[in-house]
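K.L.:
Mind having a look at this structure? Questions to follow.
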Amino acid sequence: MKFLILACAGIAAGLSAIPAAAAPAMQSDTAEQIMPPLYTAEVMRAQRFVDDMMQAGILVPTPKDPGGGYTHEQHKRNYKAMYEAGQLYRLTKDEKYAVYVRDMLLAYADLYPKLGPHPARNKQQYGKLFWQNLNDSVWLVYAIQGYEQIRGTLSYEDRARIDNNVFRAAATFLLEESSETFNRIHNHATWATAGVGITGFVLGDQDLVERALLGSAKEGKSGFLRQTDLLFSPDGYYAEGPYYQRYALLPFVVFARKIDEYTPERKIFERRDGILLKAIRTTIQLTYDGYFFPFNDAIKDKSLNTDELYQGVAIAYAKTADPGFLSVANRQGRTILTDDGLRVARDLNAGKAQPFDFTSTLLRDGPDGDMGAVAIMRKGDSQSGQAVIAKNSSQGMGHGHFDKLSWQYYDNGQEIVTDYGAARFLNIVAKEGGQYLPENESWAKQSIAHNTLVVDGKSHFDGDADIADRYAPKQLYFDAGKNLQVSSARIDTAYPGVGMTRTLAMMDVPGLEHPVIADILRVSSAAMHQYDFPLHYQGHIMRAPGSLKQFVDQRPVLGDASGYQHIWVDARGVVGNRQALLTWILGNRFYTWRWVPQQGAELILAESGANDPLFNLRREPMVIQRVKASGDTVFAGILETHGRYDGAAEQTVESDSQIHSLYRASEGGKDLLVITTVSGASTALAISYDNDPNQKHSIQFDGQTYAWTGFAARIDMGKRSRN
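Counting in my numbering, the sequence shown runs from 2 upward without gaps.
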């Protein structure tokens with residue numbers, strides 16, 4: 002395949018060759034530069050894909066299949082091919098690319114007017130080309146950008162046919178026939194407004210632009226600008242969680258880039274203190290080893306290597322020149338075919354990259370930042386260090402899970418304390434046509450499927466998303482010190498008459514190689530309740546309490562509703578203080594979860610996958626503490642990372658916990674966790690729950706006074722006698 006570098010001085014110069022009638026001129030850069038390798042690879046990749054599509058011919062089938070089926074996938078390939086062919090025409094001026102886009106769109110001009118509601122539609126708002134109109138919006142966002150580059154080459158007749166039969170018709174469908182979706186504050190509406198708005202710019206239709214920006218009635222109560230104001234917190238956190246923040250990012254930033262190009266006077270990237278640029282940074286921040294934290298409806302294989310982040314990183318770098326974005330692009334090994342992508346590739350090649358600042362941070366939720374938060378506590382690098390994520394955020398609309406005050410833990414490049422994410426096999430026809438599975442409702446969203454407290458066997462808000470959307474936790478405290486990082490939050494509305502305050506800490510303990518994760522959950526209620534406190538983890542058990550009754554030849558099911566019907570019981574029983582630990586291995590490290598047992602508490606070892614005849618669920622282990630109590634109840638535990646295992650060398654180091662004991666004391670509403678290592682050194686975590694940084698506190702425990710100032714503190718006690 003011939004690569005047309007020499008024939009295209011405009012590429013090397015970073016110049017756009019867009020007809021003035023079709024789009025505004027883009028920035029030019031200095032003229033005699035060699036094509037940088039990253040951009041060269043991107044152009045060659047696009048050429049291979051588009052040339053293969055051209056060789057296959059124009060294939061525009063009548064829609065019939067759900068997600069993953071032939072017609073669904075073909076229309077996806079078509080919009081990607083039109084987008085990239087348009088960019089290749091802009092870069093190379095090779096007429097074959099313009100002709101290909103023209104012929105493809107003329108085929109759509111014949112097909113589109115004949116289409117009604119998609120035959121595979123279900124309860125979702127239907128599309129015409131796809132089973133749901135979200136995919137129609139995505140098609141429009143990509144296709145109109147490809148058309149933008151070649152529209153000036155068309156005859157009047159071809160342009161009119163494509164303008165009216167394809168793009169105006171598609172925009173009208175989204176505006177009128179799908180107005181309920183178009184006017185929502187939701188990612189589906191973001192894609193729709195972006196598609197309609199870019200179409201308005203390309204066709205020179207100001208009415209379409211205004212309706213996209215302000216809602217179909219142009220009242221400003223919905224539309225792209227209102228979504229920008231309501232869907233992101235002041236810290237750039239998106240209400241539906243990281244997975245959908247990644248997905249919604251593309252229409253936000255691509256449409257904003259077009260607004261910036263066509264109407265720079267709007268200063269869209271300055272809106273709300275630069276909220277869209279914050280959102281790009283926050284999206285990247287919501288990852289570990291490049292993969293997004295998989296809470297809410299999330300599929301775990303989504304990483305920074307997605308079209309949304311290729312676009313986001315390039316646009317963010319073009320607007321900020323922040324060299325941290327270059328290191329992300331380097332990790333991705335991809336960029337985009339626009340001038341923004343060329344700038345990224347050129348500056349990366351020039352050695353301007355700096356590490357992206359993955360840091361411990363608190364990301365407030367809600368448009369005003371008062372709907373809880375996501376707390377991220379990190380130690381070490383973002384690929385192999387430690388990270389704790391405290392999910393104290395709002396429900397997340399329809400994609401939210403009933404998991405208030407839940408958490409995850411990462412270490413050594415692995416998810417150790419896990420979140421199930423979504424029960425879905427995206428675009429695999431055999432699994433409900435690639436849609437969300439029934440088990441997404443019956444298991445993945447339920448509270449017992451998460452690392453949070455479950456009261457009386459029912460999910461938070463009794464599993465009612467409409468109620469859950471009205472309430473959020475209150476973030477009480479966050480601090481990321483050198484040796485102690487703490488997040489604390491409270492919610493009183495998940496269950497009637499039950500209050501929960503959860504404090505998570507990442508704390509250095511002298512003599513231990515890795516930080517310890519401490520967890521204190523205070524529960525208050527006047528009534529008697531059954532409390533189930535699960536920990537979902539990944540790994541193979543090394544040591545478990547020996548006092549448990551094992552279910553070897555049968556697997557009882559834990560319950561019949563609220564997710565309990567999907568839990569197999571492997572063992573259960575009461576454990577004493579010396580037995581209150583579970584050790585497992587994952588990769589080449591060992592992990593021990595140790596807790597302070599409560600009077601009469603039962604321990605349950607279990608696994609997901611019961612009542613799953615179609616094998617839709619992953620089989621994943623969990624450990625559950627069950628307590629029946631009234632009044633104040635406190636759950637306290639620590640997660641310890643220790644040891645090494647080298648299978649090749651057949652060597653094992655410190656496979657057993659290096660902690661000798663864990664004790665908890667409470668006094669006057671304050672809590673103290675005392676950790677004593679096998680060497681006899683003791684370290685305490687003290688929590689006052691008082692936000693006055695100057696207020697002094699103390700607790701008496703085991704004949705000693707533990708004193709500190711402020712909300713939380715780490716106290717080194719040195720060597721103590723071991724009991």
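Even glycine gets a Cβ: it sits at the ideal position worked out from N, Cα and C.
Please go through the same chain and pick out, in chain order, the residues whose beta-carbon is closer than 8 angstroms to the beta-carbon of S548, but skip the five residues on each side of it.
P.N.:
Numbered from its first residue, the sequence shown carries residue 548 at position 547. Excluding positions up to five away in sequence, the list reads G574, V575, V576, G577 and Q580.
K.L.:
Whose C-beta lies closer than 8 angstroms to the C-beta of N612 among residues of the same chain, with five residues either side of it excluded?
P.N.:
Indexing the sequence shown from 1 puts residue 612 at position 611. V558, Q566 and H567.
K.L.:
Please state whether the Cβ-Cβ distance between G147 and A86 is less than 8 angstroms.
P.N.:
As a working note, residue 147 is residue 146 in the sequence shown. As a working note, residue 86 is residue 85 in the sequence shown. Yes.
K.L.:
Spell out the partners DSSP gives A708 in its beta bridges.
P.N.:
The sequence position of residue 708 within the sequence shown is 707, counting from 1. Beta-bridge pairing links A708 to S699.
K.L.:
For R627, which residues of its own chain have a beta-carbon under 8 angstroms away from its beta-carbon, when the five flanking residues on both sides are left out?
P.N.:
Numbered from its first residue, the sequence shown carries residue 627 at position 626. Close CB contacts of R627 within its chain, under the 8 angstroms cut and outside five residues either way in sequence, are with Q531, Y532, D533, F534, A602, E603, L604 and I605 (chain order).
K.L.:
When we look at the beta-carbon of V654 and count the other beta-carbons within 10 Å, is it buried (16 or more) or exposed?
P.N.:
Counting from one through the sequence shown, the residue named residue 654 turns up at place 653. Exposed is the call here.
K.L.:
Do you know whose CA, among A374, Q355 and K353, lies nearest T362's CA?
P.N.:
What you label residue 362 is simply residue 361 of the sequence shown in a count that begins at 1. T362 has its Cα closest to that of A374, out of A374, Q355 and K353.
K.L.:
Do S138 and L175 come within 8 angstroms of each other at the CB atom, strictly closer than that value?
P.N.:
For this step, residue 175 is matched to residue 174 along the sequence shown. For this step, residue 138 is matched to residue 137 along the sequence shown. Contact: yes.
K.L.:
How do the stretch 35–43 and the stretch 327–346 stand: do at least 3 beta-carbon pairs fall below 8 angstroms, yes or no?
P.N.:
yes
K.L.:
Exposed or buried, A190, counting other C-beta atoms within 10 Å across all chains shown (16 or more means buried)?
P.N.:
What you label residue 190 is simply residue 189 of the sequence shown in a count that begins at 1. Result: buried.
K.L.:
Using DSSP with H/G/I as helix, E/B as strand and the rest coil, what is I151?
P.N.:
By one-based count along the sequence shown, residue 151 stands at place 150. Three-state DSSP puts I151 in a helix.
K.L.:
Starting from F534, follow the beta strand (DSSP E) in both directions and report where the run begins and ends.
P.N.:
Position 533 of the sequence shown, counted from the start, is the residue given in the question as residue 534. Where F534 is concerned, the enclosing beta strand (DSSP E) stretches over V517 to H537.
K.L.:
Whole angstroms is fine: what's the gap from T678's alpha carbon to P546's?
P.N.:
To locate residue 678, count along the sequence shown from 1; it is residue 677. To locate residue 546, count along the sequence shown from 1; it is residue 545. For T678 and P546, the distance between alpha carbons rounds to 20 angstroms.
K.L.:
Locate the alpha helix (DSSP H) running through F636, then write down its first and last residues.
P.N.:
Against the sequence shown, residue 636 aligns to sequence position 635. F636 -> not in any alpha helix (DSSP H); beta strand (DSSP E) instead, spanning P622 to H643.
K.L.:
Tell me which same chain residues have a C-beta within less than 6 angstroms of the C-beta of I688, skipping the five on either side of it?
P.N.:
Stepping through the sequence shown from its first residue, residue 688 is reached at position 687. Answer for I688: T504, D672 and A713, listed in chain order.
K.L.:
Would you call A562 buried or exposed, if buried means 16 or more other Cβ atoms sit within 10 Å of its Cβ?
P.N.:
To locate residue 562, count along the sequence shown from 1; it is residue 561. Burial call: exposed.
K.L.:
Straight-line CA distance for N421 to N617?
P.N.:
Walking along the sequence shown from the start, residue 421 turns up at place 420. Walking along the sequence shown from the start, residue 617 turns up at place 616. Just to set this straight, residue 421 is Tyr in the shown sequence, not Asn. One C-alpha to the other measures close to 13 angstroms.
K.L.:
With respect to the beta strand (DSSP E) encompassing S489, which residues constitute its N-terminal and C-terminal limits?
P.N.:
Residue 489 sits at position 488 when you count from the first residue of the sequence shown. Unbroken beta strand (DSSP E) run through S489: L485 to Y496.
K.L.:
Looking only at C-alpha atoms, which of Y239, W585, G638 and S156 sits nearest to D520?
P.N.:
As a first step, residue 520 is located in the sequence shown; it is residue number 519 there, counting from the start. When only C-alpha atoms are compared, the closest one is G638.
K.L.:
Taking the C-alpha atoms as reference points, what is the distance between L582 and D470?
P.N.:
Working through the sequence shown from its first residue, we reach residue 582 at position 581. Working through the sequence shown from its first residue, we reach residue 470 at position 469. Rounded to whole angstroms, L582 to D470 spans 36 angstroms at the Cα level.
K.L.:
Please return the same chain residues whose Cβ sits closer than 6 angstroms to the Cβ of A473, not counting the five positions on each side in sequence.
P.N.:
In the sequence shown, residue 473 corresponds to position 472, counting from 1. Same-chain partners within the cutoff: M372, G373 and S395.
K.L.:
Residue range of the beta strand (DSSP E) that Y478 falls in?
P.N.:
Indexing the sequence shown from 1 puts residue 478 at position 477. Start and end: K475 to A481.
K.L.:
Per DSSP, what are the beta-bridge partners of R365 in this structure?
P.N.:
Residue 365 sits at position 364 when you count from the first residue of the sequence shown. In the DSSP output, where bridge partners are listed per residue, R365 has A374.
K.L.:
Is the beta carbon of D412 less than 8 angstroms from the beta carbon of T182?
P.N.:
In the sequence shown, counting from the first residue as 1, residue 412 sits at position 411. In the sequence shown, counting from the first residue as 1, residue 182 sits at position 181. Against a cut-off of 8 angstroms, the Cβ pair of T182 and D412 comes out as no contact.
K.L.:
Starting from G196, trace the alpha helix (DSSP H) in both directions and tell me its first and last residue.
P.N.:
Within the sequence shown, numbered from 1, the residue matching residue 196 stands at position 195. For G196, the enclosing alpha helix (DSSP H) starts and ends at N188 to L204.
K.L.:
Within 10 Å of its beta-carbon, does S631 have 16 or more other beta-carbons around it, so buried, or fewer, so exposed?
P.N.:
Reading the sequence shown from its first residue, position 630 is the one you call residue 631. It counts as exposed.
K.L.:
Measure how close the beta-carbons of W140 and H119 come, nearest whole angstrom, since I'm counting them as under 8 angstroms.
P.N.:
On the sequence shown, residue 140 is found 139 positions in, with the first residue counted as 1. On the sequence shown, residue 119 is found 118 positions in, with the first residue counted as 1. Actually they do not touch by this definition, with Cβ atoms about 12 angstroms apart.
K.L.:
If distances are taken between C-alpha atoms only, which option among W444, G464, A391 and L250 comes closest to L477?
P.N.:
Numbered from its first residue, the sequence shown carries residue 477 at position 476. Ranking W444, G464, A391 and L250 by Cα distance to L477 puts A391 first.
K.L.:
Are the beta-carbon atoms belonging to V1 and A299 less than 8 angstroms from one another?
P.N.:
This structure leaves residue 1 out entirely; the chain is present only between 2 and 724.
K.L.:
Please classify K259 as buried or exposed, where buried requires at least 16 other C-beta atoms within 10 Å of its C-beta.
P.N.:
In the sequence shown, counting from the first residue as 1, residue 259 sits at position 258. Buried, by the Cβ-count rule.
K.L.:
Would A527 be called buried (16 or more neighbouring beta carbons within 10 Å of its own) or exposed?
P.N.:
Here residue 527 refers to the residue found at position 526 of the sequence shown. Exposed, since its Cβ has fewer than 16 Cβ neighbours within 10 Å.
K.L.:
For the stretch 267–274 and the stretch 419–436, state whether three or more C-beta atom pairs, one from each stretch, are separated by less than 8 angstroms.
P.N.:
no
K.L.:
Which residue from E621, V524, L686 and S383 puts its Cα closest to that of A708?
P.N.:
As a working mapping, residue 708 is identified with position 707 in the sequence shown. Looking at the Cα atoms, L686 is the closest of the given residues.
K.L.:
If we count the other Cβ atoms within 10 Å of its Cβ and call it buried at 16 or more, is Q705 buried or exposed?
P.N.:
Locating residue 705 in the sequence shown gives position 704, counting from the first residue. Exposed.
K.L.:
Whole-angstrom Cβ separation of A195 and V142, contact assumed at under 8 angstroms?
P.N.:
Here residue 195 is taken as the residue at index 194 of the sequence shown, counted from 1. Here residue 142 is taken as the residue at index 141 of the sequence shown, counted from 1. Rounded, the Cβ-Cβ distance is 5 angstroms, consistent with contact.
K.L.:
When the distance is taken between beta carbons, is R619 closer than 8 angstroms to L663?
P.N.:
The residue you call residue 663 lines up with position 662 of the sequence shown. The residue you call residue 619 lines up with position 618 of the sequence shown. Result no, Cβ atoms of L663 and R619 do not sit closer than 8 angstroms.
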